[in-house]
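Here's the structure we're looking at; comments come further down.
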Amino acid sequence: MKRHTAPIRALATCVLGMSLLTGCAEQSDDTIVVGLSADITTFEPGMISSRDNANIARHIFGALFTLGPDGEHIPELAHTLEISDDGMAYVYTLNQGLTCHDGEALTAEDVAYTFNRIADPANRFTGNTPGFVFSSIGFESAEPLDDLRVQINIAQKNPIAFGLMTEVYVYCKDAYERMSLDEAASNPIGSGAYRLASWTRGSEVVLEKVREPGNFERIVWRIIPEASTRTAELIAGNVDIIANVVPEQVETINESGRASVQVVSGTRRMYVGYNLSAEHAAMPGGDAIQDPDVRRALQYAVDVPTICRQLLSVECERATGLVNPQNANPNLIPYSYDPELAGRLLDEAGWPRGDDGTRFFIRMQAGQGRYVNDVNVVLAIVQYLEDVGLDIELELMEWASVYTPLLRERSMGPLFFLGTGGGLWSPIYDMTDIARVSSGTNYTHWSDSRWFDRWPDMVNTEDLDEQRVIIDEMLEVFYDDGPWLHLYFQPDFYGVSDRITWTARRDEHVEIFEASLR
Amino acid sequence: MGAYIVRRLLQSIIVIIGVTLVSFLALQAGGDPTYLFVSERASTEEIEATRQALGFDRPLHEQYLSFVGDLARGDFGQSLSYRQPAMEIVLDALPATIELTLFAMILALMLAIPLGVLAAINRGTAWDGSITTMSMVGQSIPSFWMGIMMILFFGLYIRLFPISGNVPFLKPLIAGDFAVAFSNLPRTLYHLVLPGIAVGTYSLARNTRLVRSSLLEVLEQDYVRTARSKGIAEFRVLVHHALRNAWLPVVTIVGLEFGFLLGGVVVVETVFSYPGIGRLLFAAINQRDIPLVQAGVILLASIFILLNLLVDLVYVRLDPRVKLDGGRG
């Protein structure tokens, strides 16, 4: 008997010994570990295009001003901003004594260099800063006025330029002039609180603290693509924060006794869009949705709170438009779920049920795998709309290769399901999706003059109270006769270990500066 | 033999070009990749500028011929996502995958041979039935499900093995950092246990059945009966007479197995967050990083071709009846 169990005991001893020698040690108190779902591809600020990538870079690079969790502007590398009377020159005054991670002094010349380098077409940067921020603000040039003052020139007055410029990560000229583009992409020399200690592609990024703020000496960002593996690592105590928890695992985490899930109402606006283009008006059902009365009737057909509760595992309040709640028109009350009223309004609009019980046929398109539980949400919406008499042909499409090209051509629909990113810092930022009829993000081709005629007034007024009145007026038009069937702001799910205190933000920014041990 | 090897290597160039063409067309069939490299609010002008910057504005044949031309000069192009030489990135991920594949293969072989032999020499008994049933189950279980179950049981509930990640051994070894490599080795093996089992289970099951059936066939041969009738001990008959001849199909399969496992670790690497070539390619395909995918595909195809060649050469050594010019002696 003894001889037979010896190999088994030896193996068990070996495994236990290895587990003690290797991975089962408790985490160090000066280190926090964050589990992300997507891989990091670059540390070149001009090339960063994903939020996960930006979240790490945010700890390495400083910005002139930054955004607080509620969208407030917070001074960081700069302490003052002056805007010229014509609104086309932004003069930032930097704090004294700034340095980059290599010890080089950070001056206005470095800030100007940062802006101009990102915009330089020779670098062929395709990230969010050159591709969205600079084009949105109409960036023209940056120039140092003296050691501490830098002027950013933009093409025209833009009420959201200040907020957008918080996305520009600043670095030092000498260091980046010495490096090739390849070197800069993997060896960032930043101006933020942490420096890059190591990057194992596809595995982890380790940052080390070089200055305040930050309560941990090291931040380890681990790339864990599989949601169930992230959850297991959190519960096992190997990771402190995980992003993108799937709703089905919320209960498991909360019942683990080692971690809990923080659910925040994100800034992404989820809606069913009505494509009102002439091309889509000629399609079956496309003519019906041209009528604002039909669109308004359909608002009453969908039970959004139930969708949130059953399919997203959260309680939510239905959206009233495209602006995040804290900046929305407070007088607008979310549409209720009232299928009888929806049916009556459709009757009145001239779309009674036919002999087969349906009112009109219409196609709905949606991408899949992009948003939280998106396929089930779309199926539920289709069922609600069919309950009030619509005959819907649903087309679920692969997101990246099939749906995105349609999106860019603004040719999906006549009905389509979509979520677009928003912000907390300005209602105008949220409204910019539909700044012009021809805007690339006006996927609906909506052209109501009551909205578009007021846009210049809203942008150009100097009186903030007057601007607010105009915004509320425009949001009311959008609420009543707009091109969206309002749904919800997508909830974001974060798993947080009981070892630490950390509060998730609504804007998908994962910032570790304020995190601390319990 | 030299001429044979040269001829096979020349043929392999045609195979690799074919592989690059198929993968290029497959990636292009998924639509314009430009949209994956711009923000959701990018304007038409920005999208067009990005398309030009990435080279997707050129006709397909021009893109492909340009790629093949660069390839002939040994230039695999730059990864669109990482902005670094594509082959460098792939080679950087390769050692981790080789570690996993070798571990899984060795694990599978170490268990498959004794289990296969045990089943064969106990044909028709409970031993045979149990091993055959287990083999069928092992071949039926999807590796990703196996991986998740092992994470839950061994990683989470009894906390015996790490849930994800890896500790490199080959990478520092190749870099000449022997001290780091060998100090890492225990942790490398420790991190390989769960993904190694997930990857190797299918091979273990298949090889067990293969060893069993191959050995059963050999045990029926006249020369085995003759050996037994001469009074040679059963163990010696088994090892020196039967197993030696039963090796041939096993060697063929095992040789190809490495290539099969290399290509098959994608899902397991994703489940275990294992930073190997499979996960890299999976992400590259999702991101339509065409140069990166092409570099990975060429590398994997080359390894597979070389392994095929190696198997043929080993086969000649094991079976004198086989000749490299195609016929049997």
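Residue numbers (the numbering used here), protein chains in the order written: chain A, 2 to 519; chain B, 321 to 649.
Each residue gets a CB set at the ideal place from its N, CA and C atoms; glycine is no exception.
If you follow the beta strand (DSSP E) that residue i is in, where does it begin and where does it stop?
i	result
Q369/A	361-369
W200/A	195-201
L208/A	205-210
V79/A	Correcting the residue type first, residue 79/A is Ala in the shown sequence and not Val. Counting along the chain, the beta strand (DSSP E) containing A79/A begins and ends at 79-84.
Q263/A	260-275
In chain B, what lies closer than 9 Å to residue i by C-beta?
i	result
P189/A	Chain B residues near P189/A: none, gap ~13 Å exceeds 9 Å.
P335/A	Simply none; closest approach about 25 Å.
L182/A	R403
P226/A	T590, V591, S593, R599, F602, A603
So the candidates are the options; which of them puts its Cα closest to the Cα of residue i?
i	options	result
N96/A	D304/A, P122/A, D103/A, G63/A	G63/A
S463/B	G338/B, G351/B, L514/B, E419/B	L514/B
V379/A	R371/A, G390/A, A367/A, D388/A	A367/A
L99/A	E341/A, A90/A, V112/A, G483/A	V112/A
F481/B	S460/B, S399/B, L490/B, H511/B	H511/B
D357/A	D481/A, E387/A, I471/A, L419/A	E387/A
L431/B	S455/B, N442/B, E408/B	S455/B
G394/B	M407/B, L400/B, Y384/B	M407/B
A562/B	L427/B, L490/B, R532/B, P415/B	R532/B
A547/B	V557/B, G583/B, V519/B, L539/B	V557/B
Please list, in chain order, the chain B residues whose beta carbon lies closer than 8 Å to that of residue i.
i	result
S204/A	G485, N486, S593, P595
T167/A	Those within 8 Å of T167/A in chain B number zero; the least Cβ separation is about 15 Å.
L425/A	Residues of chain B passing the Cβ test: none, with the nearest at roughly 17 Å.
Using a C-beta to C-beta distance shorter than 8 Å, which residues of chain A count as neighbours of residue i?
i	result
L356/B	A401, T405
Between residue i and residue j, what straight-line distance do the alpha-carbon atoms span, to the nearest angstrom?
i	j	result
I325/B	A349/B	36 Å
R310/A	S257/A	22 Å
S503/B	G485/B	17 Å
L416/A	P326/A	25 Å
A106/A	D609/B	37 Å
V500/B	L235/A	29 Å
L630/B	R328/B	11 Å
F555/B	L435/B	16 Å
T23/A	L395/A	Bear in mind that the predicted position of T23/A carries a pLDDT of just 47, short of 50, making it unreliable; the figure below should be weighed with that in mind. Rounded to whole angstroms, T23/A to L395/A spans 52 Å at the Cα level.
E577/B	F387/B	30 Å
V634/B	E399/A	46 Å
I625/B	S332/B	7 Å
N129/A	S51/A	8 Å
G516/B	N239/A	21 Å
L601/B	E227/A	15 Å
L165/A	L518/A	33 Å
S498/A	F361/A	51 Å
I334/B	G397/B	20 Å
G467/B	T421/B	15 Å
D639/B	E382/B	48 Å
I161/A	V134/A	10 Å
A323/B	L627/B	18 Å
F140/A	Y336/A	40 Å
A79/A	V92/A	10 Å
For residue i versus residue j, is the C-beta spacing smaller than 8 Å?
i	j	result
D392/A	V324/A	no
I224/A	S199/A	no
G423/A	T268/A	yes
V315/A	A350/A	no
T354/B	Q614/B	no
L347/A	V389/A	yes
L486/A	L299/A	yes
I308/A	A381/A	yes
V373/A	L419/A	no
D31/A	R219/A	yes
N332/A	S427/A	no
T115/A	D148/A	no
Between which two residues does the alpha helix (DSSP H) harbouring residue i extend?
i	result
Q28/A	Q28/A -> no alpha helix (DSSP H), and no H or E assigned at all.
V557/B	Neither: V557/B is in no alpha helix (DSSP H) and is coded neither H nor E.
N188/A	Neither: N188/A is in no alpha helix (DSSP H) and is coded neither H nor E.
W456/A	456-461
F126/A	It is not in any alpha helix (DSSP H) - F126/A carries neither H nor E in the DSSP assignment.
R345/A	340-349
E577/B	564-584
T452/B	446-460
Residue i versus chain A: which residues are under 7 Å apart at the beta carbon?
i	result
D412/B	R202
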